[in-house]
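Just so we're aligned, residue 11 is where the sequence shown starts under our numbering, counting upward by one. Cβ atoms here follow ideal geometry from the backbone N, Cα and C, with glycine treated the same way. Just so we're clear, the structure is a prediction, and the values are computed from it rather than from any experiment.
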Amino acid sequence: MTRDGTVLLGVTGSIAAYKAVELASRLVQGGAKLDVVMTDSATRFVTPLTFQSITHRPVITDMFATPEEYDIEHIALAERAEVVVVAPATANIMAKLAAGIADDMLCCTILATRAPVLLAPAMNVHMWENAITQENLARLRARGFKIVEPGYGSLACGVEGKGRLADLEDILTALRQILDRRSDLAGRSVVVTAGGTQEPIDPVRLICNRSSGKMGYALAEAARERGARVTLITAPTALPAPIGVEVVRIQTALQMREAVLKAVPDADILVMAAAVADYRPATAAKSKLKKEEYPLMQLELIRNPDILSEVKGNLIKVGFAAESENMVQNATIKLKNKGLHLIVANDITEPGSGFGVDTDRVVLVDSRGKVKELPLLPKSEVAHKILDEVAVLLTTSAGASGGRTHQQ
Ligand code: PMT
11 MTRDGTVLLG VTGSIAAYKA VELASRLVQG GAKLDVVMTD SATRFVTPLT
61 FQSITHRPVI TDMFATPEEY DIEHIALAER AEVVVVAPAT ANIMAKLAAG
111 IADDMLCCTI LATRAPVLLA PAMNVHMWEN AITQENLARL RARGFKIVEP
161 GYGSLACGVE GKGRLADLED ILTALRQILD RRSDLAGRSV VVTAGGTQEP
211 IDPVRLICNR SSGKMGYALA EAARERGARV TLITAPTALP APIGVEVVRI
261 QTALQMREAV LKAVPDADIL VMAAAVADYR PATAAKSKLK KEEYPLMQLE
311 LIRNPDILSE VKGNLIKVGF AAESENMVQN ATIKLKNKGL HLIVANDITE
361 PGSGFGVDTD RVVLVDSRGK VKELPLLPKS EVAHKILDEV AVLLTTSAGA
411 SGGRTHQQ
């Protein structure tokens, strides 16, 4: 299953824990080195010995067990894992992970790992539908956790509904997809821009837009997960800096331009998810403008340079197009005008898509005219779909020649 790494299987306390035994067996048969971590509640449903017999490795259940029992601790487990899968994942573990709680071996390990984490929830339908569980799910998705949604059916509690652990085939397919993506950008240098630039009017006021930076940050994290060296050039956002990514903070379009032009000579890929202000005030007042002196305020605006168009060279250039109509047509015009390999058109008028939200519905258009419509997906998944296309482009003549760039 893995190339050379280890799969870490987390098992939590649900009746579906018995299905994790079959999952462990399939993973081992597929060639995975498998570490199993069980929560205390999981051991009430299945014994550690069952997993130990399958994996021929110690099964970790106790954070405070003595080293004689096993020679690993949560950091070693976290670092060794190429991917973590929690199946079944209870509402409890989802809540703890969403809150960053680290009170057992499984939570500690997941908090400490930089490997992708796949959750396969299983629970009572009402627990699944509860707004708290759904909020936790959204939070986890926004933080890059992958989810294999539960299926419908009759549940152990006697009711019918959504909550059954997903089919093992679906869990294995999701794992395979994660592993296939794992290092396809290894050795590549990726520059990502994020957020909305801010153009000062005076020391207090500015012109800005609705970009939260979520899409750009998701791209930076996804590229890092796939092994790339990532530079994130970000306008001000409320988001925490992604781990393992070089972050360059800027405010204005001119500063973003300078940072991008400085970063791209070493880059193989540039993805501009930022919403760059098209205009800036011709002059920014040095002191606060007094409203009493301006019953009518007139601002003179000048065009900002188009950053993407200025970047030349042998790198893959990906742009975004925030559109409210004729998505593909308008995006194709931008693709051509800006000399891009790929453009990501998003319909910013659709609920749940575009600015500020955790999901996006996009259409990918490449320079050969290929159009790919994607469903509404978490931005972390949209980011991976974009990078799937970029990985293909890198292997074609357009991007295969190494990606070292120059600007005019
Ligand atoms: O940040 P989020 O809240 O997650 O929202 C994400 C998003 C909606 C901002 C993002 O998905 C998006 O669509 N970003 C591009 C928005 C935009 O500025 O579109 P545009 O059509 O104006 O620009 C087209 C492309 O040219 C973009 O890649 C942009 O970064 C780039 N550009 C634009 C202007 C400029 N002066 N220089 C540029 O390089």
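*Can you name, in chain order, every residue of its own chain whose Cβ lies under 6 Å from the Cβ of L318, other than the five neighbours on each side?*
Looking up residue 318 in the sequence shown gives position 308. Cβ within range, chain order: M282, G329 and K348.
*Report all residues from its chain with a CB closer than 6 Å to the CB of A393; omit the five preceding and five following residues, and keep chain order.*
By 1-based counting over the sequence shown, the position of residue 393 is 383. Excluding residues within five positions, the ones whose Cβ falls inside 6 Å are A228, L229 and A232.
*May I ask you to check if the CB of R220 is nearer than 8 Å to at least one heavy atom of the ligand PMT?*
Locating residue 220 in the sequence shown gives position 210, where the first residue counts as 1. Result yes, Cβ under 8 Å from the ligand PMT.
*Does the beta carbon of P385 fall short of 8 Å from some heavy atom of the ligand PMT?*
Residue mapping note: residue 385 aligns to position 375 of the sequence shown, counting from 1. P385: no, Cβ never under 8 Å from the ligand PMT.
_Distance cut-off 8 Å: D318 Cβ against heavy atoms of the ligand PMT_ = Here the question's residue 318 lines up with position 308 in the sequence shown. The sequence shown places Leu at residue 318, rather than the Asp named in the question. Checking every heavy atom of the ligand PMT against the Cβ of L318, one is found closer than 8 Å.
*Would you identify the three-state DSSP class for K380, choosing helix, strand or coil?*
In the sequence shown, the residue the question calls residue 380 occupies position 370. If DSSP states are grouped into helix, strand and coil, K380 belongs with coil.
*Which residues DSSP lists as bridging S164, in chain order*: Taking the sequence shown and counting its residues from 1, the one referred to as residue 164 is at position 154. In DSSP, S164 forms a bridge with E170.
_Contact set for G362: own chain, Cβ-Cβ below 7 Å, skip 5 residues either direction_ = Residue 362 sits at position 352 when you count from the first residue of the sequence shown. Contacts found: T369 and L386.
*Can you name, in chain order, every residue of its own chain whose Cβ lies under 8 Å from the Cβ of E399, other than the five neighbours on each side?*
Indexing the sequence shown from 1 puts residue 399 at position 389. If we look at E399 and ignore the five residues flanking it on each side, its Cβ neighbours are L352, L374, D376 and K382.
*Tell me, please, which residues DSSP counts as bridged to M48.*
Position 38 of the sequence shown holds residue 48. Paired residue(s): V21.
*E268: CB within 8 Å of a non-hydrogen atom of the ligand PMT*: Taking the first residue of the sequence shown as position 1, residue 268 is located at position 258. For the ligand PMT, not one heavy atom lies less than 8 Å from the Cβ of E268.
_Mapping the DSSP letters down to three states, classify P68 as helix, strand or coil._
Numbered from its first residue, the sequence shown carries residue 68 at position 58. In this structure, P68 counts as coil in the three-state DSSP scheme.
*Say the cut is 8 Å; is the CB of V348 nearer than that to a heavy atom of the ligand PMT?*
Stepping through the sequence shown from its first residue, residue 348 is reached at position 338. Sequence inspection shows Lys at residue 348; the Val mentioned does not correspond to that position. For the ligand PMT, at least one heavy atom lies less than 8 Å from the Cβ of K348.
_Give the list of continuous alpha helix (DSSP H) stretches no shorter than 4 residues that lie fully inside the region 190-238._
224-235
*Give the C-beta separation of A91 and D45 to the nearest angstrom, bearing in mind that I take them to be a contact with Cβ-Cβ under 8 Å.*
On the sequence shown, residue 91 is found 81 positions in, with the first residue counted as 1. On the sequence shown, residue 45 is found 35 positions in, with the first residue counted as 1. At roughly 7 Å, the Cβ-Cβ gap stays under 8 Å, so A91 and D45 are in contact.
_Quick check on P160 - is its C-beta less than 9 Å from some C-beta in chain C?_
This model lacks chain C altogether; it includes just one protein chain.
*Shortest alpha-carbon distance to R267 belongs to which of V201, A176, M73 and A238?*
Looking up residue 267 in the sequence shown gives position 257. Ranking the options by Cα distance to R267, first place goes to V201.
*For the alpha helix (DSSP H) that contains N347, what are its first and last residues?*
As a working mapping, residue 347 is identified with position 337 in the sequence shown. Per DSSP, N347 belongs to the alpha helix (DSSP H) from M337 to N347.
*How far does the beta strand (DSSP E) with L37 in it reach, from first residue to last?*
To locate residue 37, count along the sequence shown from 1; it is residue 27. Counting along the chain, L37 falls outside any beta strand (DSSP E), though it belongs to the alpha helix (DSSP H) covering A27 to Q39.
*Three or more C-beta pairs closer than 8 Å, one from the region 195-214 and one from the region 167-180: is that the case here?*
no
*Thinking C-alpha only, which one of R124, V127 and K106 is nearest T143?*
On the sequence shown, position 133 is the one that residue 143 refers to. If we check each option's Cα against that of T143, K106 comes out closest.
_For V21 and E139, the rounded distance between their alpha carbons_ = Your numbering for residue 139 matches position 129 in the sequence shown. Your numbering for residue 21 matches position 11 in the sequence shown. Going from the Cα of E139 to the Cα of V21 covers about 22 Å.
*If we ignore side chains and look at the alpha-carbon of each, how far apart do E78 and L128 end up?*
Walking along the sequence shown from the start, residue 78 turns up at place 68. Walking along the sequence shown from the start, residue 128 turns up at place 118. Caution applies to E78, whose pLDDT of 47 falls short of 50 and renders its modelled position unreliable; the model cannot decide the point.
_Contact set for G500: own chain, Cβ-Cβ below 7 Å, skip 5 residues either direction_ = Since the first residue of the chain shown is 11 and the last is 418, residue 500 is not available in this structure.
*When you compare only the Cα positions, how much space is there between T100 and M137?*
What you label residue 100 is simply residue 90 of the sequence shown in a count that begins at 1. What you label residue 137 is simply residue 127 of the sequence shown in a count that begins at 1. For T100 and M137, the distance between alpha carbons rounds to 9 Å.
*Does DSSP classify N102 as helix, strand or coil?*
As a working mapping, residue 102 is identified with position 92 in the sequence shown. In the structure shown, N102 sits in a helix (DSSP, three-state: H, G or I).
*Evaluate N356 with the Cβ neighbour count: other Cβ atoms within 10 Å of its Cβ, from every protein chain shown; 16 or more gives buried, anything less gives exposed.*
Walking along the sequence shown from the start, residue 356 turns up at place 346. Buried is the call here.
*asked:* Buried or exposed for T65, going by 16 or more other Cβ atoms inside 10 Å?
replied: Stepping through the sequence shown from its first residue, residue 65 is reached at position 55. It counts as buried.
*What are the boundary residues of the beta strand (DSSP E) that includes I279?*
Translated into positions along the sequence shown, residue 279 becomes position 269. Per DSSP, I279 belongs to the beta strand (DSSP E) from I279 to M282.
*How is F61 classed by DSSP in three states: helix, strand or coil?*
To locate residue 61, count along the sequence shown from 1; it is residue 51. If DSSP states are grouped into helix, strand and coil, F61 belongs with the helices.
_In whole angstroms, give me the CA-to-CA distance for T241 and A269._
One-based indexing of the sequence shown puts residue 241 at position 231. One-based indexing of the sequence shown puts residue 269 at position 259. Spanning the two alpha carbons is a distance of roughly 10 Å.
*On the three-state DSSP scale, how would you describe P291?*
Counted from its first residue, the sequence shown places residue 291 at position 281. It is a strand residue.
_What I want to know is whether the C-beta of K224 ends up closer than 8 Å to one or more non-hydrogen atoms of the ligand PMT._
In the sequence shown, residue 224 corresponds to position 214, counting from 1. Yes; taking the cut-off as 8 Å, the Cβ of K224 has a heavy atom of the ligand PMT nearer than that.
*Give the range of the alpha helix (DSSP H) segment to which K272 is assigned.*
Position 262 of the sequence shown, counted from the first residue, corresponds to residue 272. First-last of the alpha helix (DSSP H) with K272: A263 to A273.
*Do N314 and the ligand PMT come close, with the Cβ less than 8 Å from some heavy atom?*
If you number the sequence shown from 1, residue 314 lands on position 304. Yes, since a heavy atom of the ligand PMT falls inside the 8 Å radius drawn around the Cβ of N314.
_Member of P131, M104 and V94 whose CA lies at the smallest distance from the CA of T119_ = The sequence position of residue 119 within the sequence shown is 109, counting from 1. Closest option to T119, Cα to Cα, is V94.
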